[in-house]
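Asker: After the structure tokens below, expect a handful of questions from me.
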Amino acid sequence: MTTRPDPADAYRAASAALDERPADATRAVILAAAARAVDAPPRAAGKPPSRRWRIALAAAATVLISTVAVIVAQRAEREPPATVTAGPAPAPADKQDTAAPAATEPTGAARPQERPAAPSIAKAPARRDHATTAARRERAAGAVADTATVPSAAGVGAAPQLAPAAPAPPPAAFERRAAAAGDAAESAPAAAKAESPEQWLTRIIGLRRAARDDEADAELKKLRERYPQLVVPDAALRGAGTR
Amino acid sequence: MRDAPPTADVRSDEQLMLDYGTGDAAAFIQLFERHERPVYRFLLRSLGGDAARADDLLQEVWLALIRNAANYAPRARFTTWLYGIARTRLIDHWRAQRNDLSLDAANDPHADDPGEALIDRIAGARNDEPEVQVMSRAQAQAFVAAVERLPAAQREALLLHLEGELTPDEIAQLTGVGMETARSRLRYALVKLRESLEEWR
Numbered sequence: 006m007t008t009r010p011d012p013a014d015a016y017r018a019a020s021a022a023l024d025e026r027p028a029d030a031t032r033a034v035i036l037a038a039a040a041r042a043v044d045a046p047p048r049a050a051g052k053p054p055s056r057r058w059r060i061a062l063a064a065a066a067t068v069l070i071s072t073v074a075v076i077v078a079q080r081a082e083r084e085p086p087a088t089v090t091a092g093p094a095p096a097p098a099d100k101q102d103t104a105a106p107a108a109t110e111p112t113g114a115a116r117p118q119e120r121p122a123a124p125s126i127a128k129a130p131a132r133r134d135h136a137t138t139a140a141r142r143e144r145a146a147g148a149v150a151d152t153a154t155v156p157s158a159a160g161v162g163a164a165p166q167l168a169p170a171a172p173a174p175p176p177a178a179f180e181r182r183a184a185a186a187g188d189a190a191e192s193a194p195a196a197a198k199a200e201s202p203e204q205w206l207t208r209i210i211g212l213r214r215a216a217r218d219d220e221a222d223a224e225l226k227k228l229r230e231r232y233p234q235l236v237v238p239d240a241a242l243r244g245a246g247t248r
Numbered sequence: 046m047r048d049a050p051p052t053a054d055v056r057s058d059e060q061l062m063l064d065y066g067t068g069d070a071a072a073f074i075q076l077f078e079r080h081e082r083p084v085y086r087f088l089l090r091s092l093g094g095d096a097a098r099a100d101d102l103l104q105e106v107w108l109a110l111i112r113n114a115a116n117y118a119p120r121a122r123f124t125t126w127l128y129g130i131a132r133t134r135l136i137d138h139w140r141a142q143r144n145d146l147s148l149d150a151a152n153d154p155h156a157d158d159p160g161e162a163l164i165d166r167i168a169g170a171r172n173d174e175p176e177v178q179v180m181s182r183a184q185a186q187a188f189v190a191a192v193e194r195l196p197a198a199q200r201e202a203l204l205l206h207l208e209g210e211l212t213p214d215e216i217a218q219l220t221g222v223g224m225e226t227a228r229s230r231l232r233y234a235l236v237k238l239r240e241s242l243e244e245w246r
């Protein structure tokens with residue numbers, strides 16, 4: 006019994022016998038192309054490299070623009086706007102002070118002490134009371150003792166601030182001043198509220214010399230109540246006027 | 046049918062293609078060595094033995110595969126995809142040559158059981174030892190010539206089956222015909238080749 010030839014087997018045998026193969030140059034081209042494709046940067050499917058670069062550049066540009074915007078905004082906040090202090094044209098001080106006091110009031114946002122060019126703000130010190138200024142200076146001269154004895158504004162119950170008392174001026178100085186200010190002490194009792202302890206003692210000594218011991222005692226008592234640490238010279242004590 | 050010597054790489058064609066797509070150059074070399082000659086013979090037989098043209102188309106086929114390596118997804122067998130590229134290149138060549146591209150040949154009246162049995166035998170028993178183990182070069186050339194004389198559609202189905210080891214179903218999907226049509230084409234081709242072989246005896 007003969008078997009029927011199998012065409013498939015025959016075909017395979019024929020191909021093996023003929024040993025057909027492509028040209029070496031063709032193989033080389035194919036293999037080189039395959040190697041180049043591997044060496045090239047890998048690409049994501051459907052995304053050419055130029056698109057990825059564009060996305061990266063867009064993101065960098067966004068960050069840069071945002072940063073610049075923030076910096077510009079911060080600088081604008083630091084610099085106070087010119088319109089806040091730019092008031093009306095510089096005018097004579099008197100007129101400005103009396104006619105439009107409200108316009109010269111520094112606003113909460115302005116910092117007058119940092120802008121010397123603002124005329125309205127610069128005029129403010131001129132409006133101060135000279136007596137107040139003098140009183141402040143007097144107090145500053147004896148500031149150490151004052152601060153030690155001035156009662157706090159919080160109330161009666163507040164404990165006075167005690168500090169080492171500074172040595173009082175020499176009694177002789179009070180006496181000389183008292184001799185020159187005797188008339189002033191008699192004629193200006195209301196000024197005692199704004200006078201310094203030194204001035205007060207001077208007035209008390211003047212009362213002693215004027216044989217007004219009762220008034221002198223009353224003033225001395227007030228003085229000591231207000232300035233308990235104050236050293237009172239002998240000239241201000243009772244009986245000093247007879248010396 | 047594979048001419049390449051057995052290699053130690055046991056990766057499937059699909060895995061090799063995926064690996065090449067991720068930058069494994071050695072994977073491509075493995076694929077190329079496996080399928081270089083079968084594809085070349087498929088093209089050569091389809092072109093009537095024109096070796097130069099077969100070289101050109103072979104280069105086009107593999108370069109197309111390289112270009113699409115990154116997008117490869119194993120939706121079907123690798124060989125189905127590979128021979129689909131080869132078939133497309135052939136069609137483009139024939140269109141350029143203004144040849145008759147009618148691959149829908151008339152049905153062969155020889156739709157006998159032996160042919161059907163032959164297809165089933167081939168599809169299910171490819172590892173059987175061939176009856177004809179040795180063939181002279183002259184006989185081989187004659188047999189190859191007979192293959193080349195087959196109607197285009199039958200020849201295509203036969204070569205896809207013998208070189209690409211595609212099943213009738215895969216042949217049908219690749220060529221865009223029904224499964225029965227693909228099976229018929231293959232059957233008729235095998236019957237004709239058998240008749241040729243019997244004449245030589």
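Each protein sequence line maps, in turn, to chains A and B. Read in our numbering, the first sequence has 51 at position 46, and its numbers run on one by one without any break. Read in our numbering, the second sequence has 133 at position 88, and its numbers run on one by one without any break. Backbone N, C-alpha and C fix where the C-beta goes; we use that ideal spot for every residue, glycine too. Being a predicted model, the structure only gives us computed values, none of them experimental.
Between which two residues does the alpha helix (DSSP H) carrying T124 of chain B extend?
Answerer: First-last of the alpha helix (DSSP H) with T124 of chain B: F123 to Q142.
Asker: Does M180 of chain B come within less than 9 Å of chain A when only Cβ atoms are used?
Answerer: M180 of chain B counts as touching chain A.
Asker: Looking at C-beta atoms only, is the number of pairs between the region 219 to 229 of chain B and the region 120 to 134 of chain B that lie closer than 8 Å three or more?
Answerer: Touching, yes.
Asker: Whole-angstrom Cβ separation of V84 of chain B and V55 of chain B, contact assumed at under 8 Å?
Answerer: Their Cβ separation, rounded to whole angstroms, is 21 Å, which puts V84 of chain B and V55 of chain B out of contact at 8 Å.
Asker: Work out the CA separation of E81 of chain B and A3 of chain A for me, nearest whole Å.
Answerer: Nothing about residue 3 of chain A can be read from this structure; chain A reaches only from 6 to 248.
Asker: Check whether chain A comes within 9 Å of E243 of chain B, counting only Cβ atoms and requiring the distance to be less than that.
Answerer: At least one chain A Cβ lies under 9 Å of E243 of chain B.
Asker: According to DSSP, simplified to helix, strand and coil, what is G66 of chain B?
Answerer: The answer is helix: DSSP assigns G66 of chain B an H, G or I state.
Asker: Under 9 Å between the Cβ atoms of V192 of chain B and L23 of chain A?
Answerer: Result no, Cβ atoms of V192 of chain B and L23 of chain A do not sit closer than 9 Å.
Asker: Name the chain B residues whose beta carbon is nearer than 7 Å to that of V43 of chain A?
Answerer: Within 7 Å Cβ-Cβ: G68 and A70.
Asker: Secondary structure at Y16 of chain A, three-state DSSP: helix, strand or coil?
Answerer: Reduced to three states, the DSSP call for Y16 of chain A is helix.
Asker: When the Cα atoms are used, what is the spatial distance from R83 of chain A to V77 of chain A?
Answerer: Near 10 Å, if we compare the C-alpha coordinates of V77 of chain A and R83 of chain A.
Asker: Between the region 209 to 222 of chain B and chain A, which residues of the former have a C-beta closer than 9 Å to a C-beta of the latter?
Answerer: For the region 209 to 222 of chain B, which is checked against every Cβ of chain A, not one residue is closer than 9 Å.
Asker: For A227 of chain B, tell me which candidate among B:L204, B:F73, B:M62 and B:D95 has the shortest Cα-Cα distance.
Answerer: Nearest of B:L204, B:F73, B:M62 and B:D95 to A227 of chain B, Cα basis: B:L204.
Asker: Our contact map puts P12 of chain A next to L238 of chain B with C-beta atoms below 8 Å; I'd like the distance itself, whole angstroms only.
Answerer: At roughly 4 Å, the Cβ-Cβ gap stays under 8 Å, so P12 of chain A and L238 of chain B are in contact.
Asker: Can you grab the Cα-Cα spacing for the pair V236 of chain A / R208 of chain A, in whole Å?
Answerer: Straight-line Cα distance between these residues: approximately 15 Å.
Asker: Could you tell me which chain A residues have their CB closer than 7 Å to the CB of D100 of chain B, listed as they occur along the chain?
Answerer: Neighbours of D100 of chain B on chain A, chain order: P27, A28 and T31.
Asker: Thinking C-beta only, is F87 of chain B closer than 9 Å to G209 of chain B?
Answerer: In contact: G209 of chain B and F87 of chain B (Cβ atoms closer than 9 Å).
Asker: Just mark I136 of chain B as buried or exposed, buried being the case when its beta carbon has 16 or more other beta carbons within 10 Å.
Answerer: Its Cβ having fewer than 16 others within 10 Å, I136 of chain B is exposed.
Asker: Beta carbons nearer than 7 Å to chain A: which residues of the region 110 to 142 of chain B have them?
Answerer: Here the close residues are I111, A114, A115 and N116.
Asker: Quick check: the Cα distance between V43 of chain A and T133 of chain B, rounded to an integer number of angstroms?
Answerer: Taking the straight line joining both Cα atoms gives about 25 Å.
Asker: Got a sec? Which residues, its chain only, sit under 7 Å from E25 of chain A by beta carbon, not counting five neighbours each side?
Answerer: Cβ within range, chain order: n/a, list empty.
Asker: Exposed or buried, which one is L62 of chain A when buried takes at least 16 other CB atoms within 10 Å?
Answerer: By the 10 Å Cβ count, L62 of chain A comes out exposed.
Asker: Note the first and the last residue of the continuous alpha helix (DSSP H) segment covering E193 of chain B.
Answerer: Per DSSP, E193 of chain B belongs to the alpha helix (DSSP H) from R182 to E193.
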